[in-house]
Amino acid sequence: MGVTTREDSEAVEIRVRDNGTGIPPEIQDQLFRPFFTTKPTGEGTGLGLSISYDIVTQQHGGTITVDSEVGEFTEFTVHLPRHRHASTAARGR
Numbered sequence: 001m002g003v004t005t006r007e008d009s010e011a012v013e014i015r016v017r018d019n020g021t022g023i024p025p026e027i028q029d030q031l032f033r034p035f036f037t038t039k040p041t042g043e044g045t046g047l048g049l050s051i052s053y054d055i056v057t058q059q060h061g062g063t064i065t066v067d068s069e070v071g072e073f074t075e076f077t078v079h080l081p082r083h084r085h086a087s088t089a090a091r092g093r
């Protein structure tokens, strides 16, 4: 697993990458949906990435994306603006 960060005057970017089994393309579009899980019943709620998505996008005005290659890696990228516009801040409350 690796974590990299980058920043400039406008934003901060955090990338978390692993070299695991990867996530199939047909599942990637569903990852941030509430209650979506690939785990057996009783072993996961499917809320972790959904809650993370809401925190990043709604509370901080940022983005979170996933890039994955089956059998190679998965990388999540979080992009957070350094300063939120007043209209964005009001929506996140």
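Numbered according to my numbering, the sequence shown spans residues 1 to 93. A virtual CB, placed ideally from N, CA and C, is assigned to each residue, including glycine.
Annotation: Arg82 to Val56 spans about 12 Å, alpha carbon to alpha carbon.
By the criterion of a C-beta distance shorter than 6 Å, Asp67 is surrounded in its chain by Glu75, once the five residues flanking it on both sides are discounted. Residue Arg17 holds the alpha-carbon nearest to the alpha-carbon of Glu69 among Arg84, Arg17 and Glu7. Taking a C-beta distance under 9 Å as the contact criterion, Leu80 and Val12 qualify as a contact pair.
Sixteen is the threshold: since fewer than 16 other Cβ atoms of the shown chains lie within 10 Å of the Cβ of Gly48, the residue is exposed. By the Cβ-count criterion, Phe35 is exposed, with fewer than 16 other Cβ atoms from all chains shown falling within 10 Å of its own Cβ.
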